[in-house]
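Worksheet: one structure, shown below.
Protein chains in written order, with the working numbering: chain A, 1076 to 1377; chain B, 71 to 397.
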């Protein structure tokens, strides 16, 4: 068995982990499992794609940055895409989720997210058709780094980006006042309200972080694999499994869960075959639910 | 005229098969408050089980036992019920969201098995030559369609009456009590988890039966029949009809299927063949928006049960120990 699966697993795990952060935050602060989260990824990827296309139309062809397959337009596009995804999600919260939350039945919100997921995904299919697209069709040469492992410059850049983002979000949620308000909301919403925490603000920040990271994960999938309307929906089960494996509400847990699932998937692809990849998350999910339903870093709810 | 009658029979048969799935979902969600987002998986389990039991022997894959159709239907219910019971046992001691996520996973895995376990399921090409009831009448499509409609109507009626009876029985009253106020019901000595697993299993068995009926009606099944869109359609049917009401489940299914089939026919007339995939996508967008609007404006649906007390809203936050208190 070649060790290449470590690199593949770390990359898949980064995408799953970045998505799982959003899932776990939504679950712990807004208290519902968001089935539309995968589709935020797809919308982020398509928004970035449109932005890159617009820059290309305005400035002509831009040469990629030395070893990478993309140039500054993708970086600008990614930032714009993150902003767009965040706005889209805030809008969705305003017209749908916040109203459903007022009905005080968590499971109605889950159902609403299920409907929104279907509508969002099909809207992408309507606008862009279901044909896969790519940020770049250039083929990168993978560099050998020893032990039979090969890695492309794009992959290195994306792994570094993931580390930076995860550390950033972790610091934001543990070292800032906003982050402490988020923790308070997740631990005891009634009490948080009583001590004067700006609940609406916390909800907004939660959505923005989740949406922005979903966009990054979507663009990563777009760079390394391809962009399709179903790209996010297919990530849903691994993301949920990662969030539960890590323990609901824990950001390091979500990332670690994502990496474990990514590595397990990559290992399974080598050992059993790529077609069974999606079953790995389910098996891990079931194992966690039977053995330790609060996950690795979870706390028993009070 | 004869064509129209034949199409009407075909349409109603499909709608009634959908309403069977919706009835199963109504038992799980409407009566018991269990959220199943993987019902396509249970329908598929029923369809494939019955197909494997009843098709003639096929050297290319396992099974093909050539048993009578009724055995296939019973087998479908048993396997579907067992799968649902296992899912329930794994998740019903936890918060309700975990059940939702797990059922979603079940649907993904069933889809994966249907696609990849070629030896068992025929892979992407599916299983053909599934025996159809009244296949002797296939030369006269009208008679064939009408007799199938009669069978499906009879099964739907039996399931409907059984569910009506169950809902009023002591068993159904316990489920309602658990849905409305779990603590009170538990304090009266009812095991919440045990009753919920039962309800989930019976619902799963009904869904599997619907899958089997459909497989025998069409005579051919493939993984494409059981995509998440099926789950979504059935949910819209239940919500439109009003969860909690069996009559609403049937009415909602016929109504939504009429809208779905009608708008599908309309897009095929209005749009050129290249544009039809896009138009179909727009159709799903419209139904998705419709689901959200109904949830926002009229959560009880057309024939809804009286307004429900929250099961996991405010109460859960005030008394978060509820998830574990039942077992």
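Glycine residues also receive a C-beta, built at the ideal position from the N, C-alpha and C atoms. None of these values were measured; they are calculated from a predicted model.
{"Check": "Interface residues of the region 157-168 of chain B facing chain A [CB-CB below 9 Å]", "Outcome": "160, 161, 163, 164, 165, 166, 167 and 168"}
{"Check": "Residues, ordered as in the chain, of the region 1190-1213 of chain A that lie near chain B by beta-carbon distance below 9 Å", "Outcome": "1190, 1191, 1192, 1193, 1194, 1195, 1196, 1197, 1198, 1199, 1200, 1201, 1202, 1204 and 1205"}
{"Check": "C-beta contact flag for residue 1111 of chain A and residue 1205 of chain A at 8 Å", "Outcome": "no"}
{"Check": "Reduced DSSP secondary structure (H/G/I, E/B, other) of residue 1237 of chain A", "Outcome": "helix"}
{"Check": "Any C-beta of chain A under 8 Å from that of residue 123 of chain B", "Outcome": "no"}
{"Check": "Member of B:356, B:357, B:310 and B:323 whose CA lies at the smallest distance from the CA of residue 368 of chain B", "Outcome": "B:310"}
{"Check": "Touching by the beta-carbon criterion (3+ pairs, under 8 Å), the region 1112-1120 of chain A and the region 1289-1296 of chain A", "Outcome": "yes"}
{"Check": "Residues from the region 1173-1186 of chain A in contact with chain B, defined by Cβ distance under 7 Å", "Outcome": "1174, 1175, 1178, 1179, 1180, 1181, 1182, 1183, 1185 and 1186"}
{"Check": "Same chain, Cβ closer than 7 Å to residue 1219 of chain A, five either side skipped, listed in chain order", "Outcome": "1225"}
{"Check": "Boundaries of the alpha helix (DSSP H) in which residue 1294 of chain A is found, first to last residue", "Outcome": "1274-1299"}
{"Check": "Inter-residue Cα distance where the pair is residue 1320 of chain A and residue 205 of chain B", "Outcome": "51 Å"}
{"Check": "Nearest neighbour of residue 1130 of chain A, chosen from A:1094, A:1151, A:1285 and A:1106 [CA to CA]", "Outcome": "A:1151"}
{"Check": "Which listed residue (B:141, B:82 and B:340) has its alpha carbon closest to that of residue 219 of chain B", "Outcome": "B:82"}
{"Check": "Unbroken alpha helix (DSSP H) run spanning residue 303 of chain B, endpoints", "Outcome": "298-311"}
{"Check": "8 Å Cβ cutoff met for residue 302 of chain B and residue 1306 of chain A", "Outcome": "no"}
{"Check": "Nearest-angstrom Cβ-Cβ length linking residue 1171 of chain A and residue 362 of chain B, presumed shorter than 8 Å", "Outcome": "6 Å"}
{"Check": "Simplified DSSP state of residue 1208 of chain A, which is helix, strand or coil", "Outcome": "strand"}
{"Check": "Closer than 8 Å to chain A by CB, residue 359 of chain B", "Outcome": "yes"}
{"Check": "Proximal residues of chain A, C-beta to C-beta of residue 186 of chain B below 7 Å", "Outcome": "1350 and 1351"}
{"Check": "Within 8 Å, strictly: CB atoms of residue 168 of chain B and residue 161 of chain B", "Outcome": "yes"}
{"Check": "For residue 211 of chain B and residue 74 of chain B, the rounded distance between their alpha carbons", "Outcome": "12 Å"}
{"Check": "Proximity test, Cβ basis, 8 Å: residue 1334 of chain A and chain B", "Outcome": "no"}
{"Check": "Contacts of residue 139 of chain B in chain A (Cβ-Cβ under 9 Å)", "Outcome": "By Cβ distance, chain A contributes nothing, its closest Cβ being about 31 Å from residue 139 of chain B, past 9 Å."}
{"Check": "Contact set for residue 289 of chain B: own chain, Cβ-Cβ below 6 Å, skip 5 residues either direction", "Outcome": "200 and 202"}
{"Check": "Cutoff 6 Å; reference residue 1103 of chain A; Cβ partners in own chain excluding five residues on either side", "Outcome": "1261, 1323 and 1324"}
{"Check": "Beta carbon proximity, residue 131 of chain B to chain A, threshold 8 Å", "Outcome": "no"}
{"Check": "7 Å Cβ cut-off: residues of chain B touching residue 1354 of chain A", "Outcome": "179 and 182"}
{"Check": "Per-residue DSSP class, three states only, for residue 1219 of chain A", "Outcome": "strand"}
{"Check": "Close-in-space but distant-in-sequence residues of the same chain around residue 186 of chain B (CB under 7 Å, 5 per side omitted)", "Outcome": "193"}
{"Check": "Distance between residue 1276 of chain A and residue 1373 of chain A (C-alpha atoms, nearest Å)", "Outcome": "25 Å"}
{"Check": "Terminal residues of the alpha helix (DSSP H) in which residue 1148 of chain A lies", "Outcome": "1147-1167"}
{"Check": "Enclosing alpha helix (DSSP H) for residue 1257 of chain A [first to last residue]", "Outcome": "1252-1262"}
{"Check": "Partner residues on chain A for residue 302 of chain B, Cβ-Cβ distance less than 8 Å", "Outcome": "1189, 1190 and 1193"}
{"Check": "Contact residues within the region 336-354 of chain B, judged by C-beta distance below 9 Å to chain A", "Outcome": "347, 348, 349, 350, 351, 352, 353 and 354"}
{"Check": "Residue 1174 of chain A in three-state terms, based on DSSP", "Outcome": "helix"}
{"Check": "Rounded separation between residue 321 of chain B and residue 1094 of chain A - CA only", "Outcome": "39 Å"}
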